[in-house]
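Worksheet for the structure shown next.
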Amino acid sequence: MWKVGGKVFMLQTSMPGEPVVILKADPSDADTLRASHTSISRGYHMDKKHWITTRPGADIEQALVDNLVTESYLLVVAGLPRQNRPVDPDTFSFLPSAD
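This note's numbering numbers the first residue of the sequence shown as 447 and each following residue consecutively.
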């Protein structure tokens with residue numbers, strides 16, 4: 447379980463023999479991700495609207511998972527009181543890909 451400011455933004459576990467990562471997601475982004483990736487489903491044992499579960503699969507790349515983890519972190523940080531935020535989610539930017 448990974449937290450920021452005492453709030454969960456990521457869970458790592460396994461479901462019947464396969465590793466999964468459960469992440470917070472914007473509801474509209476979550477719907478799009480689930481529709482376009484069979485390796486992404488509704489959050490396992492979490493609010494189905496705001497959480498997604500990622501599984502290993504051919505249709506999901508490490509870079510996508512990295513971005514989803516960052517987005518999850520920023521969503522949770524944005525909900526924290528301003529004085530408790532370790533970063534400003536409004537000015538945070540993704541680093542360019544090394545590809």
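Where a beta carbon is used, it is the ideal one built from N, C-alpha and C, also for glycine.
Taking Cβ positions, are residue i and residue j nearer each other than 7 Å?
i: W497; j: I468; result: yes
i: N453; j: L521; result: The identity of residue 453 in the sequence shown is Lys, whereas the question assumes Asn. Contact: no.
Please return the same chain residues whose Cβ sits closer than 8 Å to the Cβ of residue i, not counting the five positions on each side in sequence.
i: P473; result: K495, H496
i: P532; result: V450, G451, V523
i: V466; result: Q458, T459, S460, Y490, T499, T500, R501
Out of the options, state which residue places its alpha-carbon closest to the alpha-carbon of residue i.
i: L457; options: A476, F538, H491, R480; result: H491
i: A504; options: T516, G463, I486; result: I486
i: V515; options: A481, A476, Q529, D493; result: A476
For residue i, count the other beta carbons within 10 Å of its own beta carbon; 16 or more makes it buried, fewer makes it exposed. Which is it?
i: A509; result: exposed
i: F538; result: exposed
Per DSSP, residue i is paired with what?
i: R480; result: BP columns for R480 are empty, so no partner.
i: L469; result: M456, I498
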